[in-house]
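Just so we're aligned: the sequence shown equals residues 92 to 441 in our numbering.
Read through the structure below, which is laid out as structure tokens, and then see the notes.
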Amino acid sequence: MADAIPAIQVTMLGGTGSGKTTYLVGMYAHLSAGLGNFFLHADNRDVDLDLASAWDAMIEDGLLPQPTTEEGGLQVFDFTFRYGVDPLLRLNWVDYRGGVIRDRDSSKQDVSQLVARLGETDSVYITLDGALLADVLEKKPAAETKLQSAIGRYARTLGEIADQRDTQNLIPPSVVLLITKGDLLRSLLPGDVAQRERQAREWAQKLLPQVFRHDWDVAVCIVSIGRIGRLTSSRVDPGELAPFRIDRPMVFSLYSYYRRAAIAFAAIAGKAEQETADHQRTRDDSRRTLLGRLLNGKQQQQLDARMGDLRRYHDVMEGLAAECRLRCDILADELLDTPMYIEGAWTAVR
């Protein structure tokens with residue numbers, strides 16, 4: 092039964108100290124409690140308890156989770172995304188240690204695994220430390236240089252992903268530019284939410300221009316776990332924890348998956364409909380032409396059976412497309428004011 096549930100891969104990349112692991116813990120706490128009628132739960136009970144305990148340590152004692160390190164190895168999580176109690180998708184999520192894309196040693200296990208995984212992942216999270224952007228806004232010395240250095244590795248990685256996908260004739264993954272520590276930016280960005288959204292779009296296209304193509308789905312998500320400012324230790328004030336939009340990246344990954352699935356199923360249904368029409372013309376022509384006298388009864392029956400199979404196949408594919416579109420519509424309600432670049436243009440649900 093579990094094998095019948097669609098499965099997708101999410102790969103999370105980011106520099107050391109960018110907040111990847113903290114984001115993951117907060118995101119899981121938020122979505123495991125439910126977003127509308129959507130729920131995300133770890134398949135392994137121990138993993139569920141570990142993530143929940145890490146969140147409890149944050150909200151009770153202000154203790155931040157330990158980052159993913161080379162010694163600890165990459166972190167692999169298997170989740171199930173549900174609508175109510177019904178399973179919709181299985182998610183394999185991998186959190187790589189900070190800086191893995193800068194490692195020269197390809198013999199290291201996580202480095203070799205990353206190279207292989209990027210060729211098949213469905214959604215890539217490029218985690219950008221909001222503190223770097225805050226430094227740029229505050230015009231700190233060498234801030235621009237540090238930011239460009241951080242982005243450079245991601246640009247190369249995305250290029251490699253595109254090459255692998257082209258070779259395998261696969262569509263590109265969805266991309267989330269995940270900007271952490273959003274509380275550092277709020278006071279530095281002037282204007283209302285719409286103006287900050289425009290600034291985020293401008294940043295994204297300036298920093299990673301190569302992903303803004305017609306066939307790539309991209310979202311820019313500025314998130315934070317609270318008003319905690321610049322970190323000076325592994326502890327924060329629990330009273331300042333107030334998660335902001337930490338569900339958006341995952342919701343976008345799922346939205347993009349269903350959007351593309353709906354298009355694919357509809358295309359298959361369209362081909363089945365066209366083939367049915369072609370067979371119908373052949374059938375009609377056979378009744379009044381020489382072809383009809385050449386086709387015996389058995390061949391006519393085979394043609395009719397094929398048309399029946401195609402009609403049933405069309406109905407199944409069209410039903411799947413409609414189901415995916417419905418889920419897209421539901422998820423879209425949770426993406427209000429999220430900058431998304433889809434089919435060659437910026438869009439935002441309002």
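From the three backbone atoms N, C-alpha and C, an ideal C-beta is built for every residue, glycine too.
Below 8 Å on the Cβ atoms is my contact criterion, and I expect residue i with residue j to pass it. Report the Cβ-Cβ distance as a whole number of Å.
i: V267; j: S344; result: 7 Å
i: N183; j: A98; result: 7 Å
i: L269; j: Y216; result: 5 Å
i: R292; j: P430; result: 5 Å
i: D177; j: Y348; result: Not really, about 17 Å apart at Cβ, beyond 8 Å.
i: L209; j: T248; result: 7 Å
i: R339; j: C312; result: 5 Å
i: I359; j: M408; result: 5 Å
i: S265; j: D306; result: That belief does not hold up - the Cβ atoms of S265 and D306 are roughly 11 Å apart, past 8 Å.
i: D274; j: R318; result: 5 Å
i: T367; j: R402; result: 6 Å
CB-CB under 6 Å to residue i, same chain, minus the five flanking residues each way: which ones, in chain order?
i: G108; result: none
i: M103; result: K111, D186 and Y216
Can you list, in chain order, the residues of its chain with a C-beta nearer than 8 Å to that of residue i? Leave out the 5 residues immediately preceding and following it.
i: A145; result: V116 and P156
i: Q371; result: M398
i: H132; result: S123, D139, F170, T171 and R173
i: R223; result: The question names Arg, yet the displayed sequence has Leu at residue 223. Closer than 8 Å at Cβ, skipping near neighbours: A234, K237, L238 and A241.
i: A148; result: L154 and P156
Alpha helix (DSSP H) containing residue i: first to last residue?
i: S214; result: Looking at the DSSP string, S214 is not in any alpha helix (DSSP H); the run it does join, the beta strand (DSSP E), is S214 to L219.
i: Q301; result: From DSSP, Q301 is part of no alpha helix (DSSP H); its letter is neither H nor E.
i: M256; result: Residue identity check: residue 256 is Arg in the sequence provided, not Met. Per DSSP, R256 belongs to the alpha helix (DSSP H) from A234 to Q259.
i: L332; result: Taken as a continuous stretch (DSSP letters only), L332 belongs to no alpha helix (DSSP H), being part of the beta strand (DSSP E) at L332 to F335.
i: T112; result: K111 to S123
i: D274; result: D274 to R277
Which class does residue i belong to by DSSP, given the choice of helix, strand or coil?
i: A133; result: strand
i: W184; result: strand
i: V167; result: strand
i: Y432; result: strand
i: G210; result: coil
i: R403; result: helix
i: V101; result: strand
i: L155; result: coil
i: R173; result: strand
i: G317; result: strand
i: L126; result: strand
Whose C-beta lies closer than 7 Å to the C-beta of residue i among residues of the same chain, with five residues either side of it excluded?
i: Y346; result: C419, L422, A423 and L426
i: A253; result: P263
i: R195; result: Low local confidence applies: a pLDDT of 48 at R195 is under 50, so the model's placement there is unreliable, with the coordinate-based value given in what follows. So no residue of the chain qualifies.
Just reading off the beta strand (DSSP E) that residue i is part of, what are its end residues?
i: A95; result: Per DSSP, A95 belongs to no beta strand (DSSP E) and is neither H nor E.
i: L268; result: S265 to I270
i: V311; result: V309 to I313
Query raised in the report: Is it a yes or a no for the segment 326-340 touching the segment 390-401, going by three-plus beta-carbon pairs under 8 Å?
Result: As far as the Cβ criterion goes, the segment 326-340 does not touch the segment 390-401, which means the pair count is below three.
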